[in-house]
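> -11 is the number that our numbering gives to position 5 of the sequence shown; each next residue is one higher, with no gaps.
C-beta: ideal position from N, C-alpha, C; glycine also.
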Amino acid sequence: MKHIILIGFMGAGKSTLGHALARRLEIPFIDTDHCIVCKTGKTIEQIFQESGEDAFRQLEREILLEVVQQSSPSVISTGGGMPCFFNNMEVMNKAGTTVYLQASPDSLTSWLIRSSNKRPLIANMSEPDLLHYVKETLATRELYYLQAKLHVIAHSASPEELAPFFLANSE
Ligand code: S3P
-15 MKHIILIGFM
-5 GAGKSTLGHA
5 LARRLEIPFI
15 DTDHCIVCKT
25 GKTIEQIFQE
35 SGEDAFRQLE
45 REILLEVVQQ
55 SSPSVISTGG
65 GMPCFFNNME
75 VMNKAGTTVY
85 LQASPDSLTS
95 WLIRSSNKRP
105 LIANMSEPDL
115 LHYVKETLAT
125 RELYYLQAKL
135 HVIAHSASPE
145 ELAPFFLANS
155 E
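1. Beta-carbon separation of S61 and D15 under 8 Å?
2. If you compare alpha carbons, which of I106, H(-13), E46 and L105 is closest to C19?
3. Whose C-alpha, out of M73, P89 and L92, is nearest the C-alpha of V83?
4. For ligand 2, is there any heavy atom lying closer than 7 Å to the beta carbon of S100?
5. In its own chain, which residues sit with a C-beta less than 8 Å from the C-beta of S99, not counting the 5 before and 5 after it?
6. Tell me whether Q42 sits in a helix, a strand or coil according to DSSP, three-state version.
7. Answer yes or no: do L105 and P89 have a C-beta to C-beta separation smaller than 8 Å?
8. Could you give the residue range of the beta strand (DSSP E) that holds Q86?
9. A39 to F32, Cα distance in whole Å?
10. On the three-pair Cβ rule with 8 Å, is the stretch 63 to 80 touching the stretch 109 to 126?
11. For ligand 1, any of its heavy atoms closer than 7 Å to the Cβ of S(-1)?
12. Please state whether the Cβ-Cβ distance between V59 and G(-8) is less than 8 Å.
13. Put H139 into one of helix, strand or coil per three-state DSSP.
14. Starting from I(-11), follow its DSSP beta bridges and name the residues at the other end.
15. Taking the DSSP output, what are the residues bridged to D15?
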């Protein structure tokens, strides 16, 4: 079995599904944002505020290269922007099975409004502004997301449905 790498927009449920899938497959779960927080000792918010988005993307890239090199297969949940910078999508497609958690702007916006996670790119946005941001950003990011090997419907794909697929493909 190779790594299983979950990608998709903020609010698509990558960490929730990733945790559950890893538990089901009895393999480690890795969250790239969490790795960045551990490596820097700073929150994602602090990194954006103190060093800016470019520095965050650089850190994200370094973490990606580190985690895909780990030999034991893991479920890896990535930040929503990860696939859209450098050749990260190519790196992920080489390292394992990429899974795009697909959702409409309306459903992403309603998940994000209800989420307690502080995301610097959308901090303090009103619901109409957030919907506009999600529509515009998703339109450019989908070019990358759609390069994933598997596409599933966010928030309805379950680990029970997905696990047998990966078990069947393991060596
Ligand atoms: C980002 C998504 C976040 C986090 C950072 C930037 C993005 O991760 O990496 O705030 O560019 O979409 P989640 O997708 O887990 O919220």
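According to the structure shown:
1. At a Cβ-Cβ threshold of 8 Å, S61 and D15 count as neighbours.
2. The shortest Cα separation from C19 among I106, H(-13), E46 and L105 belongs to E46.
3. Nearest C-alpha to V83: M73.
4. Ligands present in the displayed structure are limited to ligand 1, and ligand 2 is not among them.
5. Cβ within range, chain order: G(-5).
6. DSSP places Q42 in helix when its eight states are reduced to three.
7. Contact: no.
8. Note, Q86: beta strand (DSSP E), G80 to Q86.
9. Roughly 8 Å separates the two Cα atoms.
10. A contact exists between the stretch 63 to 80 and the stretch 109 to 126.
11. Result yes, Cβ under 7 Å from ligand 1.
12. No, Cβ-Cβ distance for V59 and G(-8) is not below 8 Å.
13. Coil.
14. Here I(-11) is bridged, per DSSP, to I60 and T82.
15. The partner list for D15 (beta bridge, DSSP) reads S61.
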